[in-house]
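Numbering (our numbering), first residue to last: 174 to 589.
Just so it is clear, CB atoms sit at the ideal spot from N, CA and C, and this is done for glycine as well.
Note sheet for the following structure.
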């Protein structure tokens, strides 16, 4: 058989094989899967895992289907098992569709589970091909499933809305960061083996958010908001940071993009009736070895604009601007100190100080690596903070000053 004939037979065979292919061999039909938008992890008193799933109902949100407002956009159900994965596998007994986790946006873990350890949750996400590393992780004080049952006014899919909630906070606030499963894994596998995870709270006077009737109202008495940060050491929840401490940790981690800070008119405990918008912030954290232990040098440089000013002095005086800069810088310094003190109290290096020591002083790190969190209270904190006010708005005068000026002008005109 000639060479060209053999080639012709080979090409003909390949073309014949293509004729029997009718489509993608591994296609997934939408009517065969249940799209999971959020997951919750709880545990019963007997130690059995309870995994809850927020399933998207396409008929209620698809525009071409009319988006039926009388049908809930999601449905929540749970399965139980001796292990995390065993609970998930039981979903096939209760669902006519296969669970599809590729669109899962968030995972909410109850504080009860977190206190016992989140290692099994992370283990499953490491080995699940359907799971995405961009899934946002939250904690819940109480039952995690309850968070999934709540509808978010103005949003079709609650799971996606909660992820947008934390992303918005990251962009405009200072109390939380978007902790993805991958980020949590990297933190807990790093030298410090500690991290923080934001919590979700249901606040209000008990009104329901788990019924489509909320779409027929102009207000809701209950809402979901971001709460305190949970501190995870090794793999267990060891405590919580309040709002001030959470903000301090975010400053220490250089995670502040923009935020609003209030300040008083004097250096004493006067009401903080004025505020600025921080538009740029840069934090530099440097470990400095000393005879026995470490000093943590923190340099904070921030800029911003004036949002409101309720002090008596006009802003055309350079000394007034200088005083504002000093007061805002002091507020930032107090936040940083509060964040460090909270982390030291919980013996958890959630700011990554140990990582910096490990990178800059690898030999010294091995002397302190054991029980690093417990050594944090012996670290000296040296904070320098500076703030620059870049804009004050349309006028250098206060409202009352302009009002008094107008009154004096009117009196002079009447006298003339």
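Helix, strand or coil for residue i per DSSP?
i           : result
residue 345 : helix
residue 254 : strand
residue 554 : strand
residue 248 : strand
residue 227 : strand
residue 285 : helix
residue 259 : helix
residue 424 : helix
residue 482 : coil
residue 291 : coil
residue 278 : coil
residue 501 : helix
residue 488 : coil
residue 576 : helix
Please work out which residues of its chain come closer than 7 Å, Cβ to Cβ, to residue i, disregarding the five sequence neighbours upstream and downstream, and give them in chain order.
i           : result
residue 210 : 227, 229, 247, 276, 277, 278, 330, 332 and 333
residue 141 : It is not possible to answer for residue 141, since the shown part of the chain is limited to 174 through 589.
residue 258 : 297
residue 561 : 476 and 498
residue 462 : 534 and 537
residue 306 : 353, 354 and 355
Express the C-alpha separation of residue j and residue i in angstroms, rounding to a whole number.
i           : j           : result
residue 530 : residue 537 : 8 Å
residue 351 : residue 310 : 8 Å
residue 430 : residue 316 : 32 Å
residue 244 : residue 313 : 27 Å
residue 492 : residue 565 : 14 Å
residue 285 : residue 426 : 27 Å
residue 292 : residue 408 : 6 Å
residue 356 : residue 367 : 11 Å
residue 321 : residue 341 : 19 Å
residue 483 : residue 438 : 8 Å
residue 414 : residue 404 : 7 Å
residue 433 : residue 546 : 31 Å
residue 401 : residue 345 : 17 Å
residue 494 : residue 451 : 15 Å
residue 473 : residue 556 : 8 Å
residue 410 : residue 362 : 16 Å
residue 549 : residue 348 : 22 Å
residue 289 : residue 445 : 41 Å
residue 256 : residue 373 : 25 Å
residue 455 : residue 488 : 26 Å
residue 369 : residue 470 : 22 Å
Within 10 angstroms of the Cβ of residue i, are there 16 or more other Cβ atoms? Answer buried if so, exposed if not.
i           : result
residue 216 : buried
residue 466 : exposed
residue 575 : exposed
residue 300 : exposed
residue 442 : exposed
residue 460 : buried
residue 419 : buried
residue 260 : buried
residue 568 : exposed
residue 421 : buried
residue 522 : buried
residue 360 : buried
residue 527 : buried
Please return the same chain residues whose Cβ sits closer than 8 Å to the Cβ of residue i, not counting the five positions on each side in sequence.
i           : result
residue 273 : 201, 206, 207, 208, 209 and 303
residue 267 : 250 and 252
residue 254 : 221, 222, 224, 260, 261, 262 and 263
Taking 6 Å as the limit between beta carbons, can you name the residues of its chain near residue i, skipping five residues before and five after?
i           : result
residue 518 : none
residue 417 : 511
residue 237 : Because residue 237 carries a pLDDT of 48, less than 50, the predicted location of this residue cannot be relied on, and no value is offered for it.
Notebook entry, point to check: Which runs of the beta strand (DSSP E) fall wholly inside the stretch 303-349 and span at least 3 residues, in chain order?
Noted result: DSSP runs (the beta strand (DSSP E)) wholly in the stretch 303-349: 309-313.
Next item on the list: Mind listing, in chain order, the continuous beta strand (DSSP E) runs of no fewer than 3 residues lying wholly within the stretch 510-567?
Entry: Segments of the beta strand (DSSP E) lying fully in the stretch 510-567: 553-564.
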